[in-house]
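Student:
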Amino acid sequence: MTPENEQKFKASTHCHICNSPFEQTSTKVRNHSQITGKYRGAAHNSCNLNYQHPDYIPVYFHNLRGFDSHLLMQGVGLYKGKRINCIPNNMERYVSFSLGSLRFVDSYQCLQSSLSNLVNDLAKEDPSQFKALIKEFPSDRQRSLLLRKGVYPYTYMDKKEKFSMNCLPPKDAFYNDLTKSHLADEDYEHAKMVWDTFEIEDMGSYHDLYLKSDVLLLNCVFERFRDQFMEIYGLDPAHFYTCPGLAWSAALKVAKCKLELITEDNAEAYLFIESGLRGGISQISNRLATANNEYLDNTYDSERDSSYLLYQDCNNLYGLALSIPLPTGEFKFLSEEERINFNVLDVGKCSDKGYVLEVDLDYPKKLHDLHSDYPLAPETKSVSDDMLSPYSRNLWTKLNPSKRKGCVKGRSRIKTNKLLCTLENKRRYVCHYRNLQLYLQLGMELKKVHQVLEFSQSPFLKEYIDLNTQRRKSAKGDFEKSFYKLMNNAVFGKTMENVRKRVDVQLIHSKRKVLKQVAKSSFVRCEIFNKDLVGVQCKKTVLKFNKPIAIGMSVLELSKCVMYNHHYHYVIPKYGKDVKLMMTDTDSFLYHVKTKDVYADMEKDKHLFDFSNYSRDHFLFDNTNAKKPGLFKDETGGVPIEQFVGLRSKMYSLTYGDVEQKRAKGIVKSVVRRELKHSNYVRCILDQKNIRRKQNLIQSRKHHLQMVTVNKVALSAFDDKRYVMANGVDTLAFGHYRISAE
């Protein structure tokens, strides 16, 4: 301790570790680095004792879980003296694994973006942040060429003899089998410049430079990420595995709130809340529509009604829900007497007490026509064959013919639970009190209250959400913008973590230990990866329900309130029968509206919209509400949509300007972008057929990577989340009174 440090220690009023003040009862001690011995600051005695140097060294790979881990697993079994641990997703995919003191971590799980995008963003923001690259390559010319992701002929380099090639392979050798794409001319020119500038002699040297630059770029990006995170949240990402864990710790640190978890003594409350967990609503309500308005110069027909297709997205939906009062503790069921006297309509939106109720609700037939596009109170259930329309049953048979001779029925349909918006009456329906208030306000009828769970609540996450929102507004790069949004959504994801899905996988390189695990009653299966490594899966014998799922359940419910409010309190009153909901996907709506000028309509209600993504010469452009949570934004930025076609949930296409915006869940993006056209979606409905596409994938089998080609149904007109009418375009919600009439 220098005299200067001693003086600082005596003058310190706050612990440098936890930032809390020193109380009269607390002991102030000197905290030193366990490696250098240098004085770091004054600390509480308890903080000093807990401030231990980690006993592991993190080793980062970008996309470790999806690729590099499989290569490493082929050799880790050789280290017999080292213990192998893993955090598994399944038998062959791991969040992280450790070998002795080395902890292998996937940087992609924190950064959530490709290395190419991360490098490009940082290069635009501040090239001086590439400190490791600058140190290794002091030449400005060389360094400028490496300030981007390198170019490499992955498929072409299939033999070690090719490393001896003394020239760069031809451009065709850089063809990417995965994305089925050729290398761009400018990228090949870049590769040639790298070859010449670094005076490369053979492909082996080019290969080594590519790997070296990759490692250095990842180092620069991650170190910059660590610095920013430490500055904003006071946490080091190197101590975390994934973004959700990082975000949750950051949120609790900013909120300074102590949450009460549901204990074993109140397990019924946990199961009660769990039964009310329902994800985001995603469905196609009407399947095909074409706009006709004066903004569409090429197709406008003045003889027909003016109509628009409007694609709206709610800003930071989950961030808004996280800012609202959420459960913090004191969970208890109301007694029978309290339940009888309880009136849900008397509870304020920002009350200190919140409630989750189990109720019976009826859906009056008089609401069916008005609510069919977007029914209230969604529920998770499977769709039986009897619920399907004749159109859907016939379409299934046509698209999935039985392989048995003489059988006129189609193959059996696998029935899984789905979140459905139906007009059926609800029985023993568990929901948040604010949702129930809205449902009753919009016309549903409360028949019975079975149970009421009370809890204390407060907007404890609002400061954290506001911090991220402000950071996102001032962000310059695409990564920063998406990252701060992710920091909000990831918090929600952590509250929703389903510990029941966790698996127990052990990686073992000892025959004796394998036999010991196999002998356990919890043993499920084992996989011999190679002669040195075996994976053993066992059932979890103990589950620790330590996640605040009451928060996650409330966020899901409150986010639905935001969407229902916009639809039923703004859109429907404004347009009535002149609007159809075509599609919704959690935080977005796509409407077909009959009106003279939808943009003029929005201008009258500009307080409800964010126009910051419109072009600056558009009469609606306004930055006032930029990124404000809960406001709706035009996804196409004021460019009028010409046509929309939706086949089923997360499978749709729309055209505007020169853009075809397509989505096909389960199909790789490169195939959707290059091999599917908007016209394919339209023909899929009109011709009642499936459209298949081949896609190349990298798959792992016993940790050996191989490229496989899968011929998969890319587009299908079959949708079992709605009652599809005979024309194949219009649909009804299940439970609609007109279905029984048909």
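Mapping the sequence shown onto the UniProt record's numbering, position 676 (from 1) lands on 676, and the numbers just tick up by one. No residue lacks a Cβ here, since even glycine has one placed at the ideal position from N, Cα and C.
Work out the CA separation of Thr541 and Lys332 for me, nearest whole Å.
Tutor: 28 Å
Student: Taking the straight line between their C-alpha atoms, what separation do you get for Asp208 and Trp195?
Tutor: 12 Å
Student: With a threshold of 8 Å between beta-carbons, can Leu246 be considered close to chain C, or not?
Tutor: Of the chains in the structure shown, none is chain C; there is only one protein chain.
Student: Is Ala11 buried or exposed, if buried means 16 or more other CB atoms sit within 10 Å of its CB?
Tutor: exposed
Student: In chain order, what residues of the same chain have a beta carbon less than 6 Å from the beta carbon of Thr179, not counting five sequence neighbours either side?
Tutor: Ser670
Student: Taking the continuous beta strand (DSSP E) assigned at Ala291, which residues delimit it?
Tutor: Counting along the chain, Ala291 falls outside any beta strand (DSSP E), and DSSP gives it neither H nor E.
Student: Rounded to whole angstroms, how far is the Cβ of Ser275 from the Cβ of Val430, which I believe are closer than 8 Å?
Tutor: 5 Å
Student: Hey, quick one: how far does the beta strand (DSSP E) through Tyr355 stretch, first residue to last?
Tutor: Unbroken beta strand (DSSP E) run through Tyr355: Lys353 to Asp362.
Student: Check for me: the beta strand (DSSP E) holding Gly329 runs from which residue to which?
Tutor: Leu326 to Phe333
Student: Can you tell me which residues form a DSSP beta bridge with Ser679?
Tutor: Looking at the DSSP assignment, Ser679 forms no beta bridge with any residue, so it has no partner.
Student: For Glu603 and Leu620, I'd like the C-alpha separation in whole angstroms.
Tutor: Their backbone Cα atoms lie some 7 Å apart in a straight line.
Student: Among the residues of its own chain, which have a CB less than 8 Å from the CB of Ser615, if the five just before and after it don't count?
Tutor: Phe621, Gly637 and Gly638
Student: Assuming Thr36 is part of the alpha helix (DSSP H), what are its boundary residues?
Tutor: Looking at the DSSP string, Thr36 is not in any alpha helix (DSSP H), and its letter there is neither H nor E.
Student: Determine, using beta carbons only, whether Ser20 and Ile284 come nearer to each other than 8 Å.
Tutor: no
Student: Helix or strand or just coil, what does DSSP make of Lys577?
Tutor: helix
Student: Please report how far the alpha carbon of Pro169 lies from the alpha carbon of Tyr175, in whole angstroms.
Tutor: C-alpha of Pro169 to C-alpha of Tyr175: approximately 11 Å in a straight line.
Student: Could you check the C-alpha separation between Arg692 and Lys712 for me, to the nearest Å?
Tutor: 5 Å
Student: Report yes if the C-beta distance between Met193 and Leu145 is below 8 Å; otherwise report no.
Tutor: For Met193 and Leu145, yes; Cβs fall inside 8 Å.
Student: Using the beta-carbon count (16 or more within 10 Å), is Arg673 buried or exposed?
Tutor: exposed
Student: Can the beta-carbon of Ser559 be found less than 8 Å from the beta-carbon of Tyr318?
Tutor: yes
Student: Where Asp214 and His592 are concerned, what is the direct C-alpha to C-alpha distance, given to the nearest angstrom?
Tutor: Taking the straight line joining both Cα atoms gives about 47 Å.
Student: Taking a contact to mean a Cβ-Cβ separation below 8 Å, would you say Ala490 touches Pro244 in this structure?
Tutor: yes
Student: How do the segment 675-694 and the segment 343-359 stand: do at least 3 beta-carbon pairs fall below 8 Å, yes or no?
Tutor: no
Student: Have a look at Cys257, Leu370, Asn286 and His371 and flag the residue whose alpha-carbon is nearest the alpha-carbon of Gly329.
Tutor: Cys257
Student: Keeping to the same chain, check which residues put their C-beta closer than 8 Å to that of Ala132; ignore five residues upstream and five downstream.
Tutor: Leu216, Asn219, Cys220 and Glu223
Student: How close, in whole Å, do the beta carbons of Cys15 and Phe22 come, if the pair is a contact with beta carbons under 8 Å?
Tutor: 7 Å
Student: Measuring only the C-alpha atoms, how far is Val95 from Ser46?
Tutor: 31 Å
Student: Just grab the DSSP bridge partners of Phe632 for me.
Tutor: Cys314 and Phe609
Student: What are the complete alpha helix (DSSP H) segments, minimum 4 residues, inside the segment 544-602?
Tutor: 549-566 and 572-575
Student: Just curious, the alpha helix (DSSP H) that Ser285 is in, first and last residue?
Tutor: Counting along the chain, Ser285 falls outside any alpha helix (DSSP H), and DSSP gives it neither H nor E.
Student: Taking Lys627 and Arg471 to be in contact with their CB atoms under 8 Å, please state how far apart those CB atoms are, rounded to whole angstroms.
Tutor: Incorrect: roughly 10 Å between the Cβ atoms, too far for contact.
Student: What's the C-alpha gap between Met651 and Gly666?
Tutor: 10 Å
Student: Going by C-alpha to C-alpha distance, which of Val729, Tyr56, Gly279 and Cys167 sits closest to Phe492?
Tutor: Of the listed residues, the one whose Cα sits closest to Phe492 is Gly279.
Student: Where does Gln437 sit, in a helix, a strand or coil, going by DSSP?
Tutor: helix
Student: Report all residues from its chain with a CB closer than 6 Å to the CB of Asp373; omit the five preceding and five following residues, and keep chain order.
Tutor: Ser285 and Leu581
Student: Going by alpha carbons, who is nearest to Glu424 out of Arg525, Arg722 and Leu515?
Tutor: Arg722
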